[in-house]
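Peer 1: The structure under discussion is supplied below as structure tokens; questions concerning it will follow.
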Amino acid sequence: MIIYLKNLTSFIFVVGLLLGCGSAEKSVQKNTYFAWSAFLKQQINGFAQSNQRVHKTVVMDGKKEVKIVSNVDWEKEFALYLEADLNKPAYEKSYDNLSEPGFYWYSLKKDENLPVKKMIIHLDANERPTKMEIEISQKNFLFETRKKLFMNFSQGRIQTYYIEGMQQFFLAEPTSYKILGVLIAK
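Here is the structure:
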């Protein structure tokens, strides 16, 4: 009986190892496009650890508000940028790759209907982003939204970000907004 239990335990252990190895392989994501989400999450983690502050200007329908913000929730602050990640399985063949040495340029194919229309990332000599531009738009019978997202980098680190957008709901006046964030040097 003891030998049987040892063999059963060994068998369960080996099966567990094999199943564990198989699931790890499935979790590895193949990047067809620039690994934007991974890059931005790395920046977010660095900002959270260093308690990065930002000088923020918001203009909503012509009304301007300026403030210095500490304790920023960077995941929320950069939510629109994170949502623009092109490395989603459904997007794999949806973009034309117009990239050249020194920049990545992805443009939505004409027969596709996805929110991200264009993504351009300029690189420095060390292959780090220097500036980025994303165009997003969606339209249906209930609403229309357009956004342009920009970021500027120095030595691969975000220095400024800018969002300009418009949204309009059915039978309502359009709302326009601009957000400018300048990271404050420590």
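Whatever position you read off the sequence shown (first residue = 1), add 97 for the working numbering. Glycine residues also receive a C-beta, built at the ideal position from the N, C-alpha and C atoms.
Run the CB neighbour count on GLY159, radius 10 Å, all protein chains shown included, and call it buried at 16 or more, exposed below.
Peer 2: Residue 159 sits at position 62 when you count from the first residue of the sequence shown. GLY159 is exposed by the Cβ-count criterion.
Peer 1: Using a Cβ-Cβ cutoff of less than 6 Å, which residues in the same chain neighbour TYR201 once the five nearest sequence positions on both sides are dropped?
Peer 2: Indexing the sequence shown from 1 puts residue 201 at position 104. Excluding sequence neighbours, TYR201 sits near PHE131, ILE218.
Peer 1: Does the distance from the C-beta atom of ILE255 to that of GLN140 stay below 8 Å?
Peer 2: Position 158 of the sequence shown, counting from 1, holds the residue named residue 255. Position 43 of the sequence shown, counting from 1, holds the residue named residue 140. It is a contact, given that the beta carbons lie within the stated cut-off.
Peer 1: Within a Cβ cutoff of 8 Å, which residues of the same chain sit near PRO226, ignoring the five residues on either side of it in sequence?
Peer 2: In the sequence shown, the residue the question calls residue 226 occupies position 129. Result list for PRO226: PHE136, ILE218, HIS219, LEU220, MET248, PHE250, GLY253, in chain order.
Peer 1: Around the Cβ of ALA181, are there at least 16 other Cβ atoms within 10 angstroms (buried) or fewer (exposed)?
Peer 2: In the sequence shown, counting from the first residue as 1, residue 181 sits at position 84. The residue is buried, with at least 16 neighbouring Cβ atoms inside 10 Å.
Peer 1: By how many angstroms is the C-alpha of LEU246 removed from the C-alpha of LEU179?
Peer 2: Here residue 179 is taken as the residue at index 82 of the sequence shown, counted from 1. Here residue 246 is taken as the residue at index 149 of the sequence shown, counted from 1. Using only the alpha carbons, I get a separation of about 11 Å.
Peer 1: Beta-carbon within less than 6 Å of SER167's beta-carbon, same chain only, minus the 5 sequence neighbours each way: which residues are those?
Peer 2: As a working mapping, residue 167 is identified with position 70 in the sequence shown. Once the five neighbours on either side are set aside, the close Cβ partners of SER167 are ARG150.
Peer 1: Can you list, in chain order, the residues of its chain whose CB lies under 6 Å from that of PHE267, leaving out five sequence neighbours each side?
Peer 2: Taking the sequence shown and counting its residues from 1, one reaches residue 267 at position 170. Hits under 6 Å: LEU239.
Peer 1: Drop a sphere of 10 angstroms on the beta-carbon of SER124, count the other beta-carbons inside from all chains shown, and report buried for 16 or more, exposed for fewer.
Peer 2: By 1-based counting over the sequence shown, the position of residue 124 is 27. Any answer about SER124 is weak, because its pLDDT of 46 lies below 50 and its placement is not dependable; what the coordinates show is given next. SER124 comes out exposed.
Peer 1: Roughly how many whole angstroms lie between the Cα atoms of ALA121 and SER134?
Peer 2: Translated into positions along the sequence shown, residue 121 becomes position 24. Translated into positions along the sequence shown, residue 134 becomes position 37. With a pLDDT of 42 at ALA121, under the threshold of 50, the modelled position of that residue is not reliable, and the figure given next carries that caveat. Taking the straight line from one Cα to the other gives about 20 Å.
Peer 1: Would you list the one or two residues that DSSP bridges to VAL166?
Peer 2: Sequence index remark: in the sequence shown, residue 166 carries index 69 (1-based). According to DSSP, VAL166 bridges with VAL151.
Peer 1: Using a Cβ-Cβ cutoff of less than 6 Å, which residues in the same chain neighbour THR257 once the five nearest sequence positions on both sides are dropped?
Peer 2: As a first step, residue 257 is located in the sequence shown; it is residue number 160 there, counting from the start. The answer, listed in chain order, is ASN249, VAL279.
Peer 1: In angstroms, rounded to a whole number, what distance separates the CA positions of ALA187 and GLU241?
Peer 2: Locating residue 187 in the sequence shown gives position 90, where the first residue counts as 1. Locating residue 241 in the sequence shown gives position 144, where the first residue counts as 1. Roughly 22 Å between the two C-alpha positions.
Peer 1: I'd like the list of long-range same chain contacts for LYS214, defined as Cβ closer than 7 Å, with 5 residues on each side in sequence excluded.
Peer 2: In the sequence shown, the residue the question calls residue 214 occupies position 117. Excluding sequence neighbours, LYS214 sits near LEU205, GLU232, ILE233, SER234.
Peer 1: In or out: LEU195 buried (at least 16 other Cβ within 10 Å) or exposed?
Peer 2: Numbered from 1 along the sequence shown, position 98 holds the residue referred to as residue 195. Answer is exposed; the Cβ neighbour count stays below 16.
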